[in-house]
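Comments concern the structure below.
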Amino acid sequence: MKKLGLSLLATIGLAGFAHAADLPTTKAPAPAPPVNCYSSVWTWLNSTAGDCPLSYAGFTLYATIDAGIGYESNGAGFNQWWNNGVSNIITKQSTHGPQWLWTPNGLSQSVVGIKMSEPLGSTGWSLIGTAETGFDPYGINLAYAQKAQVQNNGKSLFLQTANADSSRTGQPLNSQWFAGFSNPTYGTITGGRVNTLSLDAINSYDPMGGSYAFSPVGYSGSYAGFGDTEAARANTAVKYRVDIQNFRLGGLVQVGGYNWGNGTDGIYQGQIGGDFKFPSGGILSIDGTASFAKDAVNIGTLGSLTQCSTLTKGPLKGETGCTDSVPNYYNSSDVQATLSNNTGFMLNTKYKWEAWTFYASYQYFRQQNPSDYYQNGFESIGYFNVPGTIPGFNVPGTFANKKLPTQWAINNAYNIPRVANVFWVGAKYSVPPDWMHGWGSADLTGAYYWLGQNNYNFAVATTGPLAGVTAPAACTTVVTNGTKPNGQAFSIARVSSGKCAGSTDFISFLIDWRPVKRVDIYAGVMESNVYAGLANGYFATQTINPTAGIRIKF
């Protein structure tokens with residue numbers, strides 16, 4: 003037995019020695035430490051804002067700068083106060099012919115902001131907030147659309163630079179400012195100045211991502227506002243979103259009206275959507291949004307194509323002179339507003355499959371006369387004056403006085419409601435990484451957009467037993483003859499009213515190359531056209547605008 007025990011011990015010892023001999027004699031190297039994204043400019047540029055945020059104590063500072071250059075076959079002059087700087091689409095100010103222009107914010111608005119996310123203990127809730135403003139990277143001016151309008155108010159369209167109304171118009175925080183609470187199960191609720199659900203949907207479902215230079219639904223907030231751009235954001239609103247499995251719900255209510263810096267007297271929106279994965283690996287996303295806005299405001303400038311003429315007498319005989327169309331006793335800071343109640347819905351879809359993403363969306367909106375008249379005027383969201391209208395008693399169908407006929411708050415533009423249908427389609431192709439050979443990433447995108455409106459042209463009888471009664475009015479072709487500021491004569495034929503049936507369409511292409519994660523180098527082109535009633539008052543009806551630029555995210 004003793005010999006047997008010694009033999010077993012020897013055998014076990016030899017086996018253990020043999021096993022130990024098979025083990026590695028040195029330890030495996032420790033995993034490489036994470037790259038310090040602040041170690042060089044290059045490593046920082048090749049990180050995302052999420053990987054390498056500028057954060058402290060729950061607050062994160064961020065910014066985007068987007069600058070470029072573009073060519074317009076029929077352009078308007080550059081305006082440092084206009085959010086987009088230039089008219090990226092065909093507009094009434096597109097009277098300057100072919101030109102090269104500095105083109106800021108081609109891919110997206112340049113912004114600077116701070117956001118907050120602070121967990122509230124172990125409850126699962128977080129306190130969140132955002133404060134952000136948009137600016138022009140060339141002039142370092144805050145986006146101030148209505149200041150651009152006031153600079154041009156009353157001038158001949160041949161002398162106007164780029165301008166239009168917008169929900170970004172001189173507010174210190176013209177993008178968003180809000181605070182709220184977020185929970186993975188119960189959703190997110192925020193209050194303050196927020197994007198509407200429809201603006202969020204456009205940014206998500208536009209093939210061009212809401213680009214100013216390559217998308218009309220990005221360039222103009224009138225799509226998100228269902229007819230009026232000031233309704234794309236609400237200044238005093240409560241917004242709620244929640245995800246339930248693969249579905250999502252959303253709601254928005256604006257409280258307060260013009261006196262709280264809103265462009266409407268109330269907005270109410272609801273949204274439902276979801277993501278659906280297919281066996282092929284593709285993901286279909288669908289969202290539907292319904293909206294109603296009360297007393298939505300659209301600020302416009304006074305001015306036309308026929309304010310210049312050749313002087314026929316006096317010391318300047320033979321020279322060209324242009325008049326100002328701002329009425330007597332007023333000035334350019336007095337602006338005209340068209341009011342409406344806007345109702346509509348939007349259905350958005352996209353399907354992502356491998357390197358492809360396909361987009362298709364439809365929108366319907368209806369504009370009617372507002373609920374309230376605001377005969378005494380009000381202050382615009384850009385801090386300018388919409389004067390009171392001097393009432394008239396002998397002008398059927400209008401609220402204006404014969405001697406002071408300007409109706410400043412137009413509340414009867416839609417005696418016959420305006421109805422518009424909108425659709426867009428597009429596709430984006432993400433270039434496979436192995437094709438890029440380490441040279442970053444790239445997307446190729448193409449899109450087509452169309453809007454058509456009904457014939458809501460009308461006339462109000464001024465005499466007889468039907469005085470004051472609205473009836474449909476005929477649409478005809480009218481020839482406009484005039485003189486440009488340089489003395490050159492022109493003659494154009496257009497449909498007689500902007501309320502006649504008409505349409506506008508756009509086609510665009512974009513190459514977006516990201517050599518590093520924070521930098522986009524992009525180039526593309528958009529063609530825009532306007533037809534029939536929508537071309538009323540336009541000198542040109544088409545512009546082709548190629549644009550190239552660079553965007554950096556901080």
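Count along the sequence shown from 1, then add 2; that gives the number in the working numbering. Virtual Cβ for every residue (Gly too), placed ideally from N, Cα, C.
Asked	Found
Simplified DSSP state of G220, which is helix, strand or coil	helix
Cβ separation of V37 and T66, assumed to be a contact under 8 Å, to the nearest whole Å	23 Å between Cβ atoms; not a contact.
The region 464-483 touching the region 173-193, judged by at least three CB pairs closer than 8 Å	no
For N547, the residue or residues it bridges with in DSSP	M528
CA-to-CA distance, Y458 to V521, given in whole angstroms	46 Å
Minimum length 3: unbroken beta strand (DSSP E) runs contained in the region 232-263	235-246, 249-256
Cα-Cα separation, I392 to Y376	12 Å
Nearest neighbour of S177, chosen from C502, S57, A147 [CA to CA]	A147
Any chain C beta carbon closer than 9 Å to Y270	Absence of chain C from the displayed structure is noted, only one protein chain being present.
Close beta carbons around F425, own chain, < 8 Å, minus the five adjacent residues each side	A362, S363, Y364, Q365, Y451, W452
Residue nearest to I142 in terms of C-alpha spacing, selected from D68, M118, S213	D68
DSSP three-state assignment for K149, whether helix, strand or coil	helix
At least 3 beta-carbon pairs within less than 8 Å: the region 528-545 vs the region 43-53	no
Option nearest W104 by Cα separation, candidates L341, V88, F386	V88
Other residues of its chain near T97: CB distance less than 6 Å, five sequence neighbours each side excluded	L159, F160, F541
Test item: CB-CB of G263 and T238 under 9 Å	yes
Inter-residue spacing [alpha-carbon to alpha-carbon] between G268 and V255	8 Å
Host beta strand (DSSP E) of M438 (start-end)	No beta strand (DSSP E) holds M438; the alpha helix (DSSP H) holding it covers 435-438.
Nearest candidate by alpha-carbon position, reference V299, set V257, G115, P329, P372	P372
DSSP state of Y458 mapped onto helix, strand, coil	coil
Reference F61; option with closest CA among K117, A422, T408	K117
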